[in-house]
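Have a look at the structure below before the remarks.
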Amino acid sequence: MQKPKGADTVITFFDNLKDLALLVILIASMVYRRQLKLTKWQGTLTIGEWTMYIMLSIALPLYAVLYIAFILGT
Numbered sequence: 001m002q003k004p005k006g007a008d009t010v011i012t013f014f015d016n017l018k019d020l021a022l023l024v025i026l027i028a029s030m031v032y033r034r035q036l037k038l039t040k041w042q043g044t045l046t047i048g049e050w051t052m053y054i055m056l057s058i059a060l061p062l063y064a065v066l067y068i069a070f071i072l073g074t
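Counting in the UniProt record's numbering, the sequence shown runs from 1 upward without gaps.
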């Protein structure tokens, strides 16, 4: 039995929507890390801000490396 053509369109739409959401999250993370860096430069960060700063400082480069490895692997 064949899949209906409409199902492919819906799956493609949701896949593109997922990629767009990931891009928005990535850009927001970079902007927030920049804001935390400026706050750190002006004064002291709270414990929560330090935690986010460290997590974003590790997560963003790690994501970039894994994304490049994934692209080169396929």
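By construction, the Cβ of each residue, glycine as well, lies at the ideal position given by its N, Cα and C atoms.
Option in the options with minimal Cα separation from residue i
| i | options | result |
| --- | --- | --- |
| alanine 59 | Ser29, Thr46, Asn16 | Ser29 |
| arginine 34 | Gly73, Ser57, Val24 | Ser57 |
| threonine 51 | Thr74, Leu23, Ala69, Lys37 | Lys37 |
Counting only runs that start and end within the stretch 26-73, where is the alpha helix (DSSP H) found for 4 or more residues in a row? 47-73
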